[in-house]
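Written below as structure tokens is the structure these notes are about.
Numbering (our numbering), first residue to last: 787 to 980.
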């Protein structure tokens, strides 16, 4: 992890997957990894209205939307897509909190936890949210610390229902499990004009 703060790369919005700005950003973030990874080889999840380009080792998912009446074929790989007709519309940053110590020796829930950890933590630390005043989130930031509108979390008193914190006018949303849990996903998107 880096110890210098990073602003959210909202300047990338509207770029296509082959743009120099996207390539430079991926290269910069890859350079923050402690060892050599195949981080620049993404997994693509294509649907007719959205294409996700997932960099698991970077804790990063880029969401592209088609333009100019383009409808990607579901299941297409990167080479099969018309990359010039896709623009970046959202970015998800992942944070993988360390597992909590279990008081019992059964290890209950460990298999489920391993299954949900496809993404590593994003290597930049902290991320700077472009809010007024500026707000930085580190890998240890909990939802209670977010100065945002919050919701969700209704359900069992165990706090296992996902909750969210959002700044919809700024195009930012964070997800966690509640009850003071450390954030897991920070979604940045193009704010919708009302």
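All C-beta atoms, glycine included, are put in the ideal place defined by N, C-alpha and C.
When burial is assigned at 16 or more other CB atoms within 10 Å of the CB, is residue i buried or exposed?
| i | result |
| --- | --- |
| residue 826 | exposed |
| residue 870 | exposed |
| residue 803 | buried |
| residue 972 | buried |
| residue 810 | exposed |
| residue 795 | buried |
| residue 800 | exposed |
| residue 909 | buried |
| residue 821 | exposed |
| residue 781 | The displayed coordinates of the chain run from 787 to 980. Any statement about residue 781 would go beyond what the structure contains. |
In angstroms, rounded to a whole number, what distance separates the CA positions of residue i and residue j?
| i | j | result |
| --- | --- | --- |
| residue 793 | residue 907 | 16 Å |
| residue 881 | residue 855 | 35 Å |
| residue 829 | residue 861 | 11 Å |
| residue 836 | residue 851 | 5 Å |
| residue 967 | residue 952 | 16 Å |
| residue 857 | residue 865 | 15 Å |
| residue 832 | residue 868 | 11 Å |
| residue 893 | residue 904 | Reliability fails at residue 893, whose pLDDT of 45 lies under 50, so the model's placement of it is uncertain and the value that follows must be treated cautiously. Each residue's Cα considered, the two are about 20 Å apart. |
| residue 859 | residue 954 | 30 Å |
| residue 797 | residue 873 | 12 Å |
| residue 769 | residue 957 | The structure shown does not extend to residue 769, since the chain is modelled only from 787 to 980, so the question has no answer here. |
| residue 930 | residue 960 | 12 Å |
| residue 863 | residue 813 | 21 Å |
| residue 844 | residue 818 | 9 Å |
| residue 974 | residue 950 | 13 Å |
| residue 919 | residue 926 | 20 Å |
| residue 853 | residue 876 | 15 Å |
| residue 885 | residue 815 | 24 Å |
| residue 805 | residue 978 | 23 Å |
| residue 945 | residue 976 | Interpretation of residue 945 is limited by its pLDDT of 48, a score under 50 that renders its predicted location unreliable; the figure taken from the coordinates is listed afterwards. Their backbone Cα atoms lie some 30 Å apart in a straight line. |
DSSP beta-bridge partners for residue i?
| i | result |
| --- | --- |
| residue 874 | 850 |
| residue 981 | Within the shown structure, residues of the chain are numbered from 787 to 980, placing residue 981 beyond reach of any answer. |
| residue 831 | 838 |
| residue 974 | 877, 958 |
| residue 969 | DSSP, once it has assigned bridges, lists no residue as partnering residue 969. |
| residue 923 | 913 |
| residue 928 | 968 |
Which same chain residues end up closer than 6 Å to residue i when comparing Cβ atoms and leaving out the 5 residues on each side of it in sequence?
| i | result |
| --- | --- |
| residue 847 | 838, 840, 878 |
Leaving out five residues on either side along the sequence, give the residues of the same chain with a beta carbon under 7 Å from the beta carbon of residue i.
| i | result |
| --- | --- |
| residue 912 | 791, 922, 923, 924 |
| residue 834 | 857, 858, 860 |
Please return the same chain residues whose Cβ sits closer than 8 Å to the Cβ of residue i, not counting the five positions on each side in sequence.
| i | result |
| --- | --- |
| residue 901 | Note that residue 901 scores a pLDDT of 35, beneath 50, so its modelled location is shaky and nothing firm can be said. |
| residue 807 | 797, 798, 801 |
Is there a C-beta anywhere in chain B that falls below 8 Å from the one on residue i?
| i | result |
| --- | --- |
| residue 862 | Given the protein chain composition of this structure (a single chain), no chain B is represented. |
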